[in-house]
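Below: the structure, in structure tokens.
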Amino acid sequence: MENKLGRGESEVILLAIDKSADALMDDKRARRVARNEKIEVYGTLTLLKLAYEEGVISDREELKNILNNVIEKGKLYVSKKLYNWVLGN
């Protein structure tokens, strides 16, 4: 299986290696490549959940609105189970 990644995903991985940093990406193939490089990888949903838990996103309704917007505009598929996980259901 070919591991050809887009330029953006490749740059994120190279930057994470160079800076010994974590990476934020949702692409399944890119996440696998990053993990193979021992990079800690987080997705958009985890970032939203953490932002809510840390008070960066102030209330649950705001979190829900942001989540719905990310799904709609980002064309991100989110299962009901993951959706509820982000919202803390």
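The numbering of the sequence shown is my numbering, which starts it at 1 and goes up by one.
Note that the Cβ used here is the ideal one computed from N, Cα and C, for glycine as well.
All values reported here derive from a predicted model rather than from experimental measurement.
*Pull up the distance between the alpha-carbon of K19 and that of D59, whole angstroms please.*
Reading the sequence shown from its first residue, position 19 is the one you call residue 19. Reading the sequence shown from its first residue, position 59 is the one you call residue 59. Those two C-alpha atoms are separated by around 33 Å.
*Can you find at least 3 beta carbon pairs, one from the region 36 to 48 and one from the region 8 to 22, that sit closer than 8 Å?*
With the cut-off at 8 Å, the region 36 to 48 and the region 8 to 22 touch.
*Consult DSSP for E2 and reduce its assignment to one of helix, strand or coil.*
In the sequence shown, residue 2 corresponds to position 2, counting from 1. With a pLDDT of 46 at E2, under the threshold of 50, the modelled position of that residue is not reliable, and no figure is offered here.
*Give the straight-line distance between the Cα atoms of G55 and I66, rounded to the nearest whole angstrom.*
For this step, residue 55 is matched to residue 55 along the sequence shown. For this step, residue 66 is matched to residue 66 along the sequence shown. Distance between the alpha carbons of G55 and I66: 14 Å.
*asked:* What does the Cβ neighbour count give for E2, buried or exposed, with the cut at 16 atoms within 10 Å?
replied: For this step, residue 2 is matched to residue 2 along the sequence shown. Per-residue confidence for E2 stands at a pLDDT of 46, beneath the threshold of 50, marking its modelled position as unreliable; the derived number appears in the next sentence. With fewer than 16 Cβ atoms within 10 Å of its Cβ, E2 is classed as exposed.
*Between the beta-carbon of K86 and the beta-carbon of K49, is there less than 8 Å?*
Along the sequence shown, read from residue 1 onward, the residue named residue 86 stands at position 86. Along the sequence shown, read from residue 1 onward, the residue named residue 49 stands at position 49. According to the sequence provided, residue 86 is Val. The question's Lys does not apply to it. Taking 8 Å as the Cβ cut-off, V86 and K49 qualify as a contacting pair.
*Would you grab the beta carbon distance between A16 and A34 for me? Rounded to a whole angstrom, and I think it's under 8 Å.*
Position 16 of the sequence shown, counted from the start, is the residue given in the question as residue 16. Position 34 of the sequence shown, counted from the start, is the residue given in the question as residue 34. About 7 Å; that satisfies the 8 Å criterion.
*Compare the Cα-Cα distances from D26 to each of K73, Y52, L14, T46 and report the closest residue.*
Counting from 1 along the sequence shown, the entry for residue 26 is found at position 26. That would be T46, whose Cα lies nearest to the Cα of D26.
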